[in-house]
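Novice: Structure provided below as structure tokens; questions to follow.
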């Protein structure tokens, strides 16, 4: 997937387990919705039905070293559009996931090579320090997502509450740079999770501007309201 780095892409929506499902109208604002770990089969099937015709559904999955093959087959039976690999450390993790998807697709018996991959990148130290390109790791890989709060939790640092000040936290700055550079090197879409503290229109617009200034294609919203504020901000 080759991406024009100067073109802003539609945002994604992160759907936490237990949160109210968005409406089909809400979902038209997004390219895709990511369901968090712990989403039950019934809730996932309901969301796929609501999203059909509006946007795609990605299931966030465990890091590759903790991922079970039977879990992958179960997700595919729910007719998801793709998966988000959490804790991606390097291209080897993406390649291994690609193989697992091929096996799962063969076992399910349909949708061969149709399941897309997004990868959390820069959220664990291994990915920030990896010297290997993500280019050609898998034809399924569409983009990567950077989450400052995930990296902070992984290494025990405290990110700033203000997006424009995060450059003062060295590990967060390094992770953000690694994600943006890896994405552009490989011609992938690159998204940044909006901070949990962005709960006002001003904060969302400021965080989005900071993401664009740092080379990200778009953001991952934590609620439909955040996307509405992005539209307001032009």
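In our numbering, the protein residues as written are 905 to 1138.
Here a beta-carbon is modelled for each residue, glycine too, at the ideal position from N, C-alpha and C.
(1) Can you pull the DSSP bridge partners for residue 1095?
(2) Please classify residue 1021: does DSSP put it in a helix, a strand, or coil?
(3) Can you give me the Cβ contacts of residue 1011 inside the same chain, cut-off strictly under 8 Å, excluding the 5 residues immediately before and after it?
(4) Check whether the Cβ atoms of residue 944 and residue 1027 sit closer than 9 Å, and answer yes or no.
(5) Can you say whether residue 1090 is buried or exposed, counting buried as having 16 or more other CB atoms within 10 angstroms of its CB?
(6) Tell whether a beta-carbon distance below 9 Å holds between residue 915 and residue 1054.
(7) Can you tell me which of the three DSSP states residue 1007 falls into?
(8) Should residue 990 and residue 973 be called a contact, given that it needs their Cβ atoms to be closer than 9 Å?
(9) Cβ of residue 1082 within 9 Å of Cβ of residue 1115?
(10) Express the C-alpha separation of residue 1112 and residue 963 in angstroms, rounding to a whole number.
(11) Can you list, in chain order, the residues of its chain whose CB lies under 7 Å from that of residue 1041, leaving out five sequence neighbours each side?
(12) Just how far apart, CA to CA, sit residue 1075 and residue 1084?
(13) Return yes when the Cβ of residue 1008 is within less than 9 Å of the Cβ of residue 980, no when it is not.
(14) To the nearest angstrom, how far is the alpha carbon of residue 932 from that of residue 959?
(15) Taking the C-alpha atoms as reference points, what is the distance between residue 1004 and residue 1106?
(16) Assuming contact is defined by CB atoms lying nearer than 9 Å, are residue 1038 and residue 1022 in contact in what I supplied?
(17) Straight-line CA distance for residue 947 to residue 954?
(18) Going by C-alpha to C-alpha distance, which of 1013, 987, 924 and 952 sits closest to residue 1020?
(19) Relative to the C-alpha of residue 983, which residue among 968, 961 and 969 is closest?
(20) How long is the line joining the alpha carbons of residue 1134 and residue 942, rounded to whole angstroms?
(21) How many Å lie between residue 1024 and residue 913 at the Cα?
(22) Could you confirm whether any beta carbon from chain D is found closer than 9 Å to the beta carbon of residue 922?
(23) Where does the unbroken alpha helix (DSSP H) through residue 950 begin, and where does it stop?
(24) Suppose you measure from the CA of residue 930 to the CA of residue 956; what does that come to, to the nearest Å?
Specialist: Taking the definition as stated:
(1) Residue pairing by DSSP places residue 1095 opposite 1049 and 1122 in a beta bridge.
(2) It is a strand residue.
(3) Shown here for residue 1011: same chain residues with a beta carbon closer than 8 Å to its own, the five before and five after excluded, namely 977 in chain order.
(4) Contact: no.
(5) The residue in question, residue 1090, is buried, as its Cβ has 16 or more Cβ neighbours within 10 Å.
(6) No.
(7) In the three-state reduction of the DSSP assignment, residue 1007 falls in the helix class.
(8) Taking 9 Å as the Cβ cut-off, residue 990 and residue 973 do not qualify as a contacting pair.
(9) No.
(10) Linking residue 963 to residue 1112 through their CA atoms gives a straight-line distance of about 24 Å.
(11) Hits under 7 Å: 995, 998 and 999.
(12) The alpha-carbon atoms of residue 1075 and residue 1084 are separated by roughly 14 Å.
(13) Between residue 980 and residue 1008, the C-beta gap is smaller than 9 Å, which places the two residues in contact.
(14) Distance between the alpha carbons of residue 932 and residue 959: 6 Å.
(15) Rounded to whole angstroms, residue 1004 to residue 1106 spans 42 Å at the Cα level.
(16) Taking 9 Å as the Cβ cut-off, residue 1038 and residue 1022 do not qualify as a contacting pair.
(17) Whole-angstrom Cα-Cα distance: 11 Å.
(18) Measuring from the Cα of residue 1020, the nearest candidate turns out to be 987.
(19) It is 961.
(20) Per the coordinates, the alpha-carbon of residue 1134 lies some 28 Å from the alpha-carbon of residue 942.
(21) Take the alpha-carbon of residue 1024 and the one of residue 913: they are about 17 Å apart.
(22) The question asks about chain D, but that chain is absent: this structure has only one protein chain.
(23) From DSSP, the alpha helix (DSSP H) with residue 950 extends over 945-955.
(24) Cα-Cα distance, rounded: 13 Å.
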